[in-house]
Amino acid sequence: MTSKVISIVLGGGQGSRLSPLTATRSKPAVPIGGKYRLVDIPISNCLHSDITRIYVLTQFNSASLNKHIKNTYHFSSFSSAFVDILAAEQTPSSVAWYQGTADAVRQSLHHLAVHEFEYVLILSGDQLYQMDFQDMIQHHIDTNAEISIATIPVHANDVPGFGILKTDSNNMITSFIEKPKKDFESWASEVSDEMKAEGRVYLASMGIYVFNRKLLYELLMGNDRTDFGKEIIPDSIAHHRVASYQYEGYWTDIGTIPSFFEANLGLTDDIPKFNLFDSQPIFTRARMLPPSKVSGSHLEKTIIADGCIINASHISRSIVGIRTRIGVDTVIENCYIMGSDNYQTLEQIKESNLSNSPIMGIGDRCCIKNAIIDKNTYIGDDVKINCGNKKLDDGDYGTYTVQDGIVVIKKRAIIPHGTVI
């Protein structure tokens, strides 16, 4: 597949639904699982599928993502493999930002032109799944398709959030509707018995596409269509062979704070749907961190990344990210703590203690529940976050936001001693 396929990972727009996690970084750069970035998921799937020429398209808050890509994906000098960032740029032929998924690919085609390839694999940068793209591309070839769309069976209550399609007996897509709100019962499709038993009978687009090279250029050049899901795909069904590649494994679209929160906490299950202990690892930046040190803590269904110093009394169903420090007698429940980019020195910790200021991490005697703690935060002693019975109102409160009962402490926020949220 190496010589036949080039992959494009779409970095997404402003990622406003994932705010405030995207206030200073692009969506693909958001940390996940304590030590990874979202962009590591599609890139790892590509590399395990022997697809080693990968472009990542981005335009908003790209510095963090650029740094991660540069520090992570290195290949032999004798290899044609690469993972390159293509940030939106002004050119003589285009002075505008990316206007949508299709427009982003259109503006990047001149970078692809220098390579030999037959197929373009287009992926999203904000999804959690494991897929062998070789199987999808082989299915594309076997069905003599010009476009293939990865699809997944979903429940009726999920239908309004997806592009829904129908197929014929040969898995060719015959019709497509974008996010129908009602009267979609006739859109049920033929799925496996296992999916029928779960009530998942509607085929949803996963936003994963394979295009023949020639057709992709024909569809994008000489017009102003900007989006694959809303324009390119619906318009192509009547005129081209568009195939459905049905996928029945674990997949979730991480577009909102609640979906992001649940996807992360789901990793702590005994046998998670997305298994970090699978035989195929997720590639990410190799950090030379010491092992984590835990003292006097009761841990239950908790993932702890490298380089942590933990003295908490109790941590349950939580992810503790790299370089996290947690003080004594602290209770953590249902939380994702992203960790820190660096350690404070002993001199800095001493200065903070003398000035009665919080040090980086989480202090002593804290209680934190149902929260996301972004990187490099300073949470003081005796802080209570979401520990009462009162339902918190959604909103932005300066150093933190609340969405659907989930408190998100912003990156580099300082929460003084004794604060109650």
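Numbering-wise (the numbering used here), the sequence shown opens with residue 247 and increments by one. A virtual CB, placed ideally from N, CA and C, is assigned to each residue, including glycine. Since this is a predicted model, take the numbers as computed values, not measurements.
Item: On the three-state DSSP scale, how would you describe Leu311?; Value: helix
Item: Just how far apart, CA to CA, sit Lys281 and Ser564?; Value: 14 Å
Item: Could you give the C-beta distance for Ile393 and Val456, rounded to a whole number, given that I count them as a contact under 8 Å?; Value: 7 Å
Item: From which residue to which residue does the alpha helix (DSSP H) around Pro288 run?; Value: 286-294
Item: What are the start and end residues of the beta strand (DSSP E) that includes Tyr424?; Value: For the sequence presented, residue 424 should be read as Glu rather than Tyr. That run of the beta strand (DSSP E) goes 419-424.
Item: Output the boundary residues of the beta strand (DSSP E) element that contains Leu267.; Value: First-last for Leu267: undefined, no H or E at that position.
Item: Rounded to a whole number of angstroms, what is the C-alpha to C-alpha distance between Ile556 and Ile300?; Value: 38 Å
Item: So what does DSSP say about Val400, is it helix, strand or coil?; Value: strand
Item: CA-CA distance, Asn291 and Asp330?; Value: 16 Å
Item: Which residues bound the alpha helix (DSSP H) around Glu362?; Value: Note, Glu362: premise wrong, no alpha helix (DSSP H); not H, not E.
Item: Just curious, the alpha helix (DSSP H) that Glu593 is in, first and last residue?; Value: 592-600
Item: Considering Cα atoms alone, identify which of Val302, Ala484, Phe408 is closest to Met418.; Value: Ala484
Item: Does the beta-carbon of Val666 have 16 or more other beta-carbons within 10 angstroms, so that it is buried, or is it exposed?; Value: exposed
Item: In the DSSP assignment, the beta strand (DSSP E) including Glu431 goes from what residue to what residue?; Value: Segment: none, Glu431 is in no beta strand (DSSP E) and carries neither H nor E.
Item: Tell me which residue opens and which closes the alpha helix (DSSP H) that His357 is part of.; Value: 347-358
Item: For Ala558, which option in Arg531, Ile614, Ile568 has the closest C-alpha, if you only look at C-alpha atoms?; Value: Ile614
Item: Do you know how far the Cα of Gln376 is from the Cα of Ile278?; Value: 15 Å
Item: Could you spell out the range, first to last residue, of the alpha helix (DSSP H) harbouring Asp439?; Value: 439-443
Item: Hey, would you say Thr420 sits closer than 7 Å to Ser490, going by beta carbons?; Value: no
Item: Identify the residues that DSSP records as bridge partners of Tyr624: which are they?; Value: Gly607, Ile660
Item: If you reduce the DSSP assignment to three classes, tell me which class Glu464 lands in.; Value: helix
Item: What do you get for Tyr582, buried or exposed, if any count of 16 or more other CB atoms within 10 angstroms of its CB means buried?; Value: buried
Item: What's the gap between the Cα of Asp296 and the Cα of Ile383?; Value: 12 Å
Item: Just to check my reading of the structure: Ile454 and Ala396 have Cβ atoms closer than 8 Å, yes? What is that Cβ distance to the nearest angstrom?; Value: 4 Å
Item: Ignore the nearest five residues each way along the sequence and tell me which others in Tyr624's own chain have a CB closer than 6 Å to its CB.; Value: Pro604, Met606, Ile660
Item: Counting only the same chain and skipping the five closest in sequence on each side, list residues whose C-beta sits under 8 Å from that of Asp627.; Value: Gly573, Pro604, Gly609, Asp610, Arg611, Cys612, His663, Gly664
Item: Is there contact between the stretch 400-412 and the stretch 311-318, where contact requires at least three CB pairs shorter than 8 Å?; Value: no
Item: When the Cα of Asp192 is compared with those of Gln526, Ala532, Ala617, which residue comes out closest?; Value: It is not possible to answer for residue 192, since the shown part of the chain is limited to 247 through 667.
Item: Would you give the residue range spanned by the alpha helix (DSSP H) that Ala333 belongs to?; Value: Segment 328-333 is the beta strand (DSSP E) holding Ala333; no alpha helix (DSSP H) there.
Item: In whole angstroms, give me the CA-to-CA distance for Leu466 and Gly651.; Value: 42 Å
Item: Using the Cα positions of Phe324 and Ser415, report the straight-line distance between them to the nearest angstrom.; Value: 45 Å
Item: At which residues does the alpha helix (DSSP H) containing His385 begin and terminate?; Value: 379-388
Item: For Gly641, write down the residues that DSSP places opposite it in a beta bridge.; Value: Val648
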